[in-house]
Each structure stands twice: as structure tokens, then as C-alpha cells.
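Participant: Sharing a structure, written as C-alpha cells. Questions coming.
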Amino acid sequence: GVNTEGNTWGQHGREHVPARAAQQGRRAALLLVLVSCAACLSAVGAAQAVPAAPKRGIPSMIKASMVQAPIMALTYPIDTIKTRLQIPFGAPSAYQRSTSAFKVRKVNALQPPFWPGVVASCANQFPTFFIVYSTFEAARQSLEDQFPRQSKHIIDTAAVFIGSIAGSIWSTPCEVVKCTFQSGMYTRSLRGAVRAIYAETGLPGFYQGYSAQLMRDLPLYGVLLGSYEAIRDSYISKFLSTTDKKGRTIPTRAMTGLEDAALGFFAGAVAGGVTNPFDVVRTQATMRTWGGRPWWSASNSAAMMPRIFSEQGVRGLVAGLPERSLYVGLGSAAFFYAYEKFLRQKMAKQQAAK
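Take the sequence shown: its letter number 323 is residue 312 in this note's numbering, and every next letter is one higher.
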């Protein structure tokens, strides 16, 4: 099984960090926060990629999320390996940035089982997306009514943020439970894991790493939607359209489902990679407070990131990046494949009705 010795980060987690390393860590944290803010602003460019919900029937985005959820479940082992690669597994502070320490992570990551916590993951996927999308629509409508002269891009961006925060209220406890299974900290029933966490840390224990998760998920939506729309527009302009004598752009053919999936995969891989440092913080925030011994403020990602950088270096912040990019990319490919397909079906029905 997975080696979980020292997961509680006892005295080793409180060792002195040299002033110079801490200063470098603070600079790295500031840089990553700025990158996160810039990524969030990309949601402004993604506003046109999120259409208004239809008045009847199930919205296309909800239908697409129903297709995405089983794909995320089938590829769950990738997420398990990613999570284990991000955990130091009790290595002393002075040893964590060494090559040997990362080799130990890899050995632990590749040990079966690979499906622990999949029930918590499935309980997270569809409800979270439904909450995010439903809250987004309600917030957008409310903001448009209150600020009719405000820019649509600003309103949509604010609505995305509100929806993400609402979704995190449900998703964070699921993520915490999932991580305890993936790391090997708990291996029994889901109900038993929930009871154990509550008995040891109370209700706050289910929100370990909450702010880190927000810092990960807020830019994730912006980067995902923004990059997908930009890549799709560029692809259509270069490969699926031509220009007539008057300079007008004329489409040559429509996108295929395979092309939708490929572009969705690329957009998801980019979004997963950009937000990986915050995913590392979120994972380690969950691990470092287990056992009732909180380390700094485990939900304060701004406090944790300098320490992680100082102890583990850049390699620690990018741990699990290929696996996270692959996992998010596969889920995004399934989502955008289904989303574009449902949109085309809807347009075909509207044209037939005319």
C-alpha cells in the first residue's frame, strides 16, 4: 500500500527555514498569485463562450456535464497518481527537495490501489458543475437587472466567480475525503472516513485547504473557457473558412465532434497546467492538518506557498503537472464534445421549426 508514515507532518514540518529561502518563497508566491489574477481576467474573454441558458429543456452545459462525469470517473487513477506525487509523505524539510525524495513520491504514486475515493469524486463532479452553472445564471441575471449599463464581460466574469465560490462549498468536502483515500490515510468505507474526519477535526476539517481550492478553481474556469474560445476561433479562421473577393469570411465546413474534443482537450490541459501550483497547495493543505495538528493556517494558501517553495523548490510546485493536465484535458474533451453536439442539435431543431 501507499507509505503514509509522517503524513501528519509532526516536528519536521516546523523546522526552521532559512531567511533567504523564505524570501524566495514569498516572491514565488507573489508571482503565482499575480499569474492567478491574470488567469482569472481571461474569463472576460471567455464570456462569449458561455451562452444564456435556454428557457425550456435542460441547458446544453448541464447535458454536457452529464457526459463528462463518467469520463472523469473512468480516468480517476490518473488523478490518484497526481495527488500522491504532490504529497511529501513525511520527508524532513531539509530532504524534500532532493532527487531521492521525489523518487519516493513516484514509488508511492504507482502502488495500487488506484481507485480509492472514487465514490467521493463521483459525488463531487456533477453536483458541483450543476451548482456552478445554476448560480452563474442566477447571478448573471441579477447583475444585469441591477447594472443594466455595465459591460457584459464584467458581469459575466463576476457571475463566474460567484458560481465558482458557490460550487466550492459542495466540492471542498468531497475533495478532502477523496484525498484521504488517495493518500492512504484512510482505506475503509466512505461513511467511516467522513465520521473519522468529523470526530478528529469537526466540521472545519472538511474545509481544509478551502482558500487554496478557490485560488485553483477561480482561474481554472477562466483559463478553460477563454483558451477554448480563442483556440476554436483561431482554428476555424485558419482551417475551416476562406475569404471572398470582398474580404468577407466564409465558412467552408462545420466543426466535427473529433475536432471539438481535440480543442477541448488542449484547452483543459492548458488550464490544468497553469493552475497546478495551487492544486499542490490545496493537496498539501489537506494533508498537513490531519491528526488535529494544524500547520500555520492550512486553508491559507498565501502562507503555505512560500513554505512549499522553500522546502521543495519549483519541482514541488509543479509536482503532478503532466497528470493533472491529462486528467483535466480528458474531462474537458468529453465536455466540449458533448456541449457542441447538443448546441448543433438545438440549432437544427430551431431551423426545422421555421
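Even glycine gets a Cβ: it sits at the ideal position worked out from N, Cα and C.
Which residues in the same chain as Ala58 place their Cβ atom closer than 6 Å to its Cβ, once the five residues preceding and following it in sequence are excluded?
Facilitator: On the sequence shown, position 69 is the one that residue 58 refers to. Same-chain partners within the cutoff: Gln114, Phe115.
Participant: Leaving out five residues before and five after Gly305 in sequence, what residues of the same chain have Cβ atoms less than 6 Å from its Cβ?
Facilitator: On the sequence shown, residue 305 is found 316 positions in, with the first residue counted as 1. Correct list, in chain order: Ile297.
Participant: Under a Cβ-count criterion, where at least 16 other Cβ atoms within 10 Å of its own Cβ denotes burial, should Ser178 be classed as buried or exposed?
Facilitator: For the purposes of this step, residue 178 is identified with residue 189 of the sequence shown, where counting begins at 1. Ser178 should be labelled exposed.
Participant: Check for me: the alpha helix (DSSP H) holding Pro116 runs from which residue to which?
Facilitator: Here the question's residue 116 lines up with position 127 in the sequence shown. For Pro116, the enclosing alpha helix (DSSP H) has its first and last residue at 107 to 135.
Participant: Any chance you could list the alpha helix (DSSP H) runs of at least 4 consecutive residues sitting entirely within the segment 161 to 210, in chain order?
Facilitator: 179 to 190
Participant: Would you call the CB atoms of Leu319 and Thr264 closer than 8 Å?
Facilitator: On the sequence shown, residue 319 is found 330 positions in, with the first residue counted as 1. On the sequence shown, residue 264 is found 275 positions in, with the first residue counted as 1. Cβ atoms of Leu319 and Thr264: not closer than 8 Å.
Participant: According to the neighbour-count rule (16 or more other Cβ atoms, all chains shown, within 10 Å of its Cβ), is Gln339 buried or exposed?
Facilitator: For the purposes of this step, residue 339 is taken as the residue at position 350 of the sequence shown. Exposed is the call here.
Participant: Below 6 Å CB to CB, which residues in the same chain sit around Gly262 once its five sequence neighbours on both sides are set aside?
Facilitator: Taking the first residue of the sequence shown as position 1, residue 262 is located at position 273. Hits under 6 Å: Leu310, Ser314.
Participant: Take Arg73 as the anchor and find which of Pro240, Lys330, Ala308 has the nearest alpha-carbon.
Facilitator: Locating residue 73 in the sequence shown gives position 84, where the first residue counts as 1. Checked all of Pro240, Lys330, Ala308; the closest Cα to Arg73 is Ala308.
Participant: First and last residue of the beta strand (DSSP E) that includes Ser230?
Facilitator: By one-based count along the sequence shown, residue 230 stands at place 241. Counting along the chain, the beta strand (DSSP E) containing Ser230 begins and ends at 230 to 232.
Participant: In whole angstroms, what separates the C-alpha of Thr275 from that of Gly198?
Facilitator: Counted from its first residue, the sequence shown places residue 275 at position 286. Counted from its first residue, the sequence shown places residue 198 at position 209. Taking the straight line joining both Cα atoms gives about 6 Å.
Participant: Would you kindly report the start and end of the unbroken beta strand (DSSP E) that includes Thr238?
Facilitator: Numbered from 1 along the sequence shown, position 249 holds the residue referred to as residue 238. First-last of the beta strand (DSSP E) with Thr238: 238 to 240.
Participant: Are the beta-carbon atoms belonging to Tyr122 and Pro48 less than 8 Å from one another?
Facilitator: On the sequence shown, position 133 is the one that residue 122 refers to. On the sequence shown, position 59 is the one that residue 48 refers to. Against a cut-off of 8 Å, the Cβ pair of Pro48 and Tyr122 comes out as a contact.
Participant: Under the rule that 16 or more other beta-carbon atoms within 10 Å means buried, what is Lys71, buried or exposed?
Facilitator: Here residue 71 corresponds to residue number 82 of the sequence shown, with the count starting at 1. Per the 10 Å Cβ criterion, buried.
Participant: At the level of alpha carbons, what is the spacing between Ala292 and Gln301?
Facilitator: What you label residue 292 is simply residue 303 of the sequence shown in a count that begins at 1. What you label residue 301 is simply residue 312 of the sequence shown in a count that begins at 1. Between Ala292 and Gln301, the C-alpha separation is close to 15 Å.
Participant: Just to confirm before moving on: does the CB-CB distance between Ile67 and Ala323 stay below 8 Å?
Facilitator: What you label residue 67 is simply residue 78 of the sequence shown in a count that begins at 1. What you label residue 323 is simply residue 334 of the sequence shown in a count that begins at 1. In this structure, Ala323 does not lie closer than 8 Å to Ile67 by Cβ.
Participant: Buried or exposed: which applies to Glu312, given that a residue is buried once 16 or more other Cβ atoms fall within 10 Å of its Cβ?
Facilitator: Against the sequence shown, residue 312 aligns to sequence position 323. Its Cβ being crowded by 16 or more others within 10 Å, Glu312 is buried.
Participant: Along the chain, where does the alpha helix (DSSP H) that runs through Leu315 open and close?
Facilitator: Counting from 1 along the sequence shown, the entry for residue 315 is found at position 326. Run containing Leu315: 310 to 342, per the alpha helix (DSSP H) assignment.
Participant: How many whole angstroms separate the CB atoms of Gly246 and Tyr326, which I take to be in contact at a CB cut-off of 8 Å?
Facilitator: For this step, residue 246 is matched to residue 257 along the sequence shown. For this step, residue 326 is matched to residue 337 along the sequence shown. Right, the Cβ-Cβ distance comes to about 5 Å (below 8 Å), so this counts as a contact.
Participant: How far does the alpha helix (DSSP H) with Ser82 in it reach, from first residue to last?
Facilitator: Here residue 82 is taken as the residue at index 93 of the sequence shown, counted from 1. That residue, Ser82, is in no alpha helix (DSSP H); it is neither H nor E in DSSP.
Participant: Just checking my contact of Thr117 with Gly156 at CB under 8 Å: how many whole Å lie between their CB atoms?
Facilitator: Here residue 117 refers to the residue found at position 128 when the sequence shown is read from its first residue. Here residue 156 refers to the residue found at position 167 when the sequence shown is read from its first residue. About 5 Å separates the beta carbon of Thr117 from that of Gly156, a gap short enough to meet the 8 Å contact definition.
Participant: Kindly list the residues whose CB is nearer than 6 Å to the CB of Val259, restricted to its own chain and excluding five residues on each side of it in sequence; keep chain order.
Facilitator: Numbered from its first residue, the sequence shown carries residue 259 at position 270. Here the set comprises Ser216.
Participant: Using the three-state DSSP reduction, which class does Val96 fall into: helix, strand or coil?
Facilitator: In the sequence shown, the residue the question calls residue 96 occupies position 107. DSSP places Val96 in helix when its eight states are reduced to three.
Participant: What's the call for Lys346, buried or exposed, on a 16-neighbour Cβ count within 10 Å?
Facilitator: Residue 346 lies beyond the range of the chain shown here (-10 to 343); nothing can be said about it.
Participant: Can you find the residues in the same chain that come closer than 8 Å, C-beta to C-beta, to Gly181, ignoring five residues on each side of it along the sequence?
Facilitator: Looking up residue 181 in the sequence shown gives position 192. Answer for Gly181: Tyr175, listed in chain order.
Participant: With a CB to CB cut of under 6 Å and the five nearest residues on each side skipped, what residues in its chain are close to Tyr328?
Facilitator: Here the question's residue 328 lines up with position 339 in the sequence shown. Result list for Tyr328: Ser49, Ala53, in chain order.
Participant: Please report the residue range of the alpha helix (DSSP H) in which Pro59 lies.
Facilitator: Position 70 of the sequence shown, counted from the start, is the residue given in the question as residue 59. Unbroken alpha helix (DSSP H) run through Pro59: 49 to 63.
Participant: Give the secondary structure of Phe103 by DSSP, where H, G and I count as helix, E and B as strand, and everything else as coil.
Facilitator: Position 114 of the sequence shown holds residue 103. If DSSP states are grouped into helix, strand and coil, Phe103 belongs with coil.
Participant: Quick test of your reading: Ala127 and Cys163, contact by CB under 8 Å. State the CB separation rounded to the nearest angstrom.
Facilitator: As a working mapping, residue 127 is identified with position 138 in the sequence shown. As a working mapping, residue 163 is identified with position 174 in the sequence shown. Contact flag wrong, Cβ pair sits at about 22 Å.
Participant: So which of Val56, Ser131, Gln85, Gln202 has the shortest CA-CA distance to Gln119?
Facilitator: Sequence index remark: in the sequence shown, residue 119 carries index 130 (1-based). A quick correction: the sequence has Phe, not Gln, at residue 119. Cα-wise, what sits closest to Phe119 is Val56.
Participant: Could you pull out every residue in the same chain whose Cβ sits closer than 7 Å to the Cβ of Thr241, ignoring the five residues on either side in sequence?
Facilitator: Your numbering for residue 241 matches position 252 in the sequence shown. The answer, listed in chain order, is Leu229, Ser230, Thr231.
Participant: If you measure from the beta carbon of Tyr210 to each beta carbon in chain D, is any gap under 8 Å?
Facilitator: Of the protein chains in this structure there is only one, and it is not chain D.
Participant: Considering only their Cβ atoms, is the gap separating Ser160 from Ile76 smaller than 8 Å?
Facilitator: In the sequence shown, residue 76 corresponds to position 87, counting from 1. In the sequence shown, residue 160 corresponds to position 171, counting from 1. Not closer than 8 Å, so no.
Participant: How would you call Met294, buried or exposed, if buried means at least 16 neighbouring beta carbons within 10 angstroms?
Facilitator: On the sequence shown, residue 294 is found 305 positions in, with the first residue counted as 1. The residue is buried, with at least 16 neighbouring Cβ atoms inside 10 Å.
Participant: Which residue's Cα is closest to the Cα of Thr238: Val183, Ser223, Phe78?
Facilitator: Taking the sequence shown and counting its residues from 1, the one referred to as residue 238 is at position 249. For Thr238, the nearest C-alpha among the options comes from Ser223.
Participant: If I measure Cβ to Cβ from Tyr65 and keep anything under 7 Å in the same chain, skipping five residues before and after, which residues do I get?
Facilitator: Residue mapping note: residue 65 aligns to position 76 of the sequence shown, counting from 1. Excluding five sequence positions before and after Tyr65, the CB atoms of its chain that fall closer than 7 Å to its own CB belong to Trp104, Val107, Ser110, given in chain order.
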